[in-house]
Every structure is written in C-alpha cells, then in structure tokens.
Amino acid sequence: MTHALYSHHLSANAAKSLNQMTDDELWTWWLSLDDEWRFFLLRQGLELKLWKNNKRVFDEKYDYQAEFDWLDKSLVFECVKEIVSLTKLNLERNQIQDISALVGLTNLTELYLWGNQIRDILALKSLISLTELDLSYNQIQNILPLANLTELDLLENQIQDISVLAKLTNLNVLNLESNQIQDISSLNNLTDLNIIDLRNNQIQDILFLENLTNLTSLDLGDNKINNISALKNLTNLTWLDIWGNQIQDISALASLTNLTVLGLESNQIQDIAILANLKNLSKIYLTNNPINPADIEKLRQQLPNCDIVF
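Mind the numbering: the sequence shown is residues 1190 to 1499 in this note's numbering, read in order.
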C-alpha cells in the first residue's frame, strides 16, 4: 500500500468505532499509532486484566516499552483486539499532546487525562458513551457537547466560553475552577447538578444558579461577586464557599439551614446576625472581614457546636 493510500485508509476509518472494524482494519489502526500510544493502551489493558492469558508477554513493571516488538502481529494482536472492550482509560500525567488515537474507543465510559499538555479535544467527539471525563490541568479552550456526561472536570484550563454546557443536562458534578469564565448563564437548566466548583474565575452575576436546587456543594470563591441573592433558593446546600469576593449582604443565606460548612472569608461582611439561625453549621470561616469581635463572640455562644474561624 502506498503512503498516500495508507493515509487515506486511516482517514476513512478515523471515525469508525474499533468494535466495528474488521481484523485487518483494526491492525491497520494499530500500525497507525506511535509507540507511545501502543504502550499506553497495552499497559492500561494489563492493569485492567483484559488479557489474563497473555500475561507472559508483559513485564509487571512495564519495562517492555523499549524492547517490545509492537508490530509482531502474532504476539500482540489478541491483546489489541481486547482494547476494543476498554471502558475505562487513565492516562494522567503523561505529557500527552495529541489524543487522536482515542477516536475509535467508543466503549469508553470513563476517561482520565488530567495533567497533560492537551489543547485540542475534538478527537473525543465520537466518545458518546462517556459518563466521566477528567481533563483538568491541560491547555483546553473549547468544550464538547458529550451529552451522557455525568461528571466533568476542567480545572486549570483556558476556558472562557461554556455555552455548550447547556446541552449537558445529565451532569451531576462539574469542576470549572481556575479558568477565565465570566458568563455562567448556560448553567441555568442543569438542574441535576449536585456539585459545582467555579472558584477562581471572573464571575460577577450568579443569578443563573437560582434554579439549581439540587446543589449540595457550591464553590464560588475568588470571583467578583457582590450580590448572592440567587443563593436563597439553594436550600439543599450543605457546603458553600464564597470567599474572596465583594460581598457585604449575606441575608440570602438565612434559608440555607442545611449548611454544615460555610466559607465567607475575605469579603466586606459586617452583619453576621443571620448566621445564628443556621444550626447545622459545624464550621464557618470569617477571617478578613470588617466584623466586630463582639459579634463573633456572640455567634460562638449562639452556635456552640460550630468552629468559627476569625
């Protein structure tokens, strides 16, 4: 097969699921991978015990990478065929930049790629079975509408536009900490969300969170928020952190009687009287606010089982 025809063959099969490929197509796919990806995939299969009968081929400590003959079909093809069945893949901290090798792994339900050097995630578009995806600590700017996701972690990327998240209505857990996000209106209808982390962004308006009444944990720390009235409806919250904002009025918290942990440090809060009604609180952080120490002592008497950090 000429180089041009070979490249065309790979391109034609790029979007085909591995479990739809013939043996010849699957082997051609394997030949298209570089040694690094062959190593990653065989190692993952070994860790997940996909091929118990081929253990003799591999060293437990994975010392085989340099000396292994990746292209010996008689040696590895049975293992390659098992890669089709991978449902979980963990490739964290591997300095990966190009993830195009993942295109055909359509059985994947869990994928962990945190701590790499990934910019382009278009290759994940075909992985519609994914329910858990961790892309934290990369260099990603765009998000894909993978509608079956229930958990998505995009911590420490370069994301500004999150409008595509409006389509991810199955999300339960969402981490967008340390990005460049200002507009969170697309979260408005994600009513299945239980946990959101929006710490360290550029958010001012949180009105669009008011419908997310299933939330139990919310982190809005280190943003530019001055109005938290939208939080009054989030009565299932047990954990709330809004440190490092520009908040003065905390009266909206009066209805959040299920709170156990509350972070209010580094704001502009003076009046803390409403906190006395939150009897389930076990810890409150109030440092770096212009609060009268006498009011702190009074609150400690009113909430004797609560650790108040001031």
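Backbone N, C-alpha and C define an ideal beta-carbon position, used for all residues, glycine too.
Considering only DSSP beta bridges, list what residue i is partnered with.
i       : result
PHE1332 : For the sequence presented, residue 1332 should be read as Ile rather than Phe. Partner(s): none; ILE1332 has no beta bridge.
ASP1496 : LYS1472
ILE1384 : VAL1362, SER1406
LEU1396 : In DSSP, LEU1396 forms no bridge with anything.
GLU1299 : LYS1277, GLU1321
TRP1216 : None; TRP1216 has no bridge partner.
VAL1450 : TRP1428, LYS1472
LEU1341 : LEU1322, LEU1363
Give the straight-line distance between the Cα atoms of residue i and residue j, rounded to the nearest whole angstrom.
i       : j       : result
ALA1443 : LEU1464 : 7 Å
LEU1324 : GLN1491 : 44 Å
LEU1220 : LEU1333 : 28 Å
THR1211 : ASP1261 : 18 Å
ASP1386 : THR1405 : 11 Å
ILE1480 : SER1315 : 53 Å
ASN1377 : LEU1363 : 13 Å
GLU1345 : GLN1306 : 12 Å
GLN1435 : ILE1458 : 9 Å
ILE1348 : ASN1331 : 6 Å
ASP1460 : ASN1494 : 21 Å
GLN1437 : ASP1223 : 56 Å
ILE1351 : LEU1475 : 31 Å
LEU1215 : PHE1266 : 9 Å
ASP1258 : ASP1372 : 51 Å
ASN1403 : LEU1264 : 52 Å
LEU1488 : ILE1317 : 51 Å
ASN1456 : VAL1498 : 14 Å
THR1358 : LEU1401 : 12 Å
ILE1329 : ALA1462 : 43 Å
ASP1484 : ALA1441 : 19 Å
LEU1426 : LEU1420 : 9 Å
SER1418 : ILE1370 : 20 Å
ARG1227 : THR1217 : 13 Å
ILE1395 : GLU1486 : 31 Å
ILE1384 : PRO1482 : 33 Å
Residues in the same chain with beta-carbon distance under 6 Å from residue i, minus the five sequence neighbours each way, listed in chain order, please.
i       : result
GLU1321 : GLU1299, GLU1340
TYR1301 : ASN1279, GLU1281, ASP1323
ASP1430 : ASP1408, GLY1410, GLY1452
SER1374 : PHE1397
GLY1304 : GLU1281, ARG1282, TYR1326
VAL1450 : TRP1428, LYS1472
ASN1416 : none
Ignore the nearest five residues each way along the sequence and tell me which others in residue i's own chain have a CB closer than 7 Å to its CB.
i       : result
ASP1496 : SER1471, LYS1472
LEU1360 : LEU1338, THR1339, LEU1341, LEU1379, ASP1381, LEU1382
SER1206 : GLY1293, THR1295
Of all the options the options, which has the alpha carbon lying nearest to the alpha carbon of residue i?
i       : options                            : result
GLU1271 : ASN1208, TRP1303, SER1315, LEU1291 : ASN1208
ASP1309 : ASN1415, ALA1290, PRO1493          : ALA1290
LEU1407 : THR1424, LYS1413, TRP1428, SER1418 : TRP1428
ASN1225 : ASN1327, LYS1314, THR1276, GLN1286 : Correcting the residue identity first, residue 1225 is Glu in this sequence and not Asn. Considering only alpha carbons, the answer is GLN1286.
LEU1230 : GLN1371, VAL1269, GLU1214          : VAL1269
GLU1366 : ASN1403, ASN1412, VAL1450          : ASN1412
ASN1327 : GLN1284, SER1318, GLN1435, LYS1205 : GLN1284
ARG1232 : THR1217, LYS1205, LYS1277          : LYS1277
VAL1273 : ILE1439, ASP1372, GLY1234          : GLY1234
LEU1354 : LEU1335, GLN1371, ASN1368, GLN1369 : LEU1335
ASN1422 : ILE1414, TRP1432, LEU1448          : LEU1448
GLN1393 : ILE1414, THR1380, ASN1361          : ILE1414
ASN1390 : GLY1433, ASP1484, ASN1477          : GLY1433
LEU1343 : ALA1312, ARG1388, LEU1426          : ARG1388
Output needed for residue i: all residues of its chain with C-beta closer than 8 Å, excluding positions within five of it in sequence on either side, in chain order.
i       : result
THR1446 : THR1424, ASN1466, LEU1467, LYS1468, ASN1469
LEU1275 : LEU1230, GLN1233, GLY1234, LEU1237, LEU1239, LEU1294, ASN1296, LEU1297
LEU1313 : ILE1288, LEU1291, LEU1300, LEU1319, LEU1322, LEU1333, LEU1335
GLU1454 : TRP1432, GLY1433, TYR1474, LEU1475, THR1476, ASN1477, ASN1478, VAL1498
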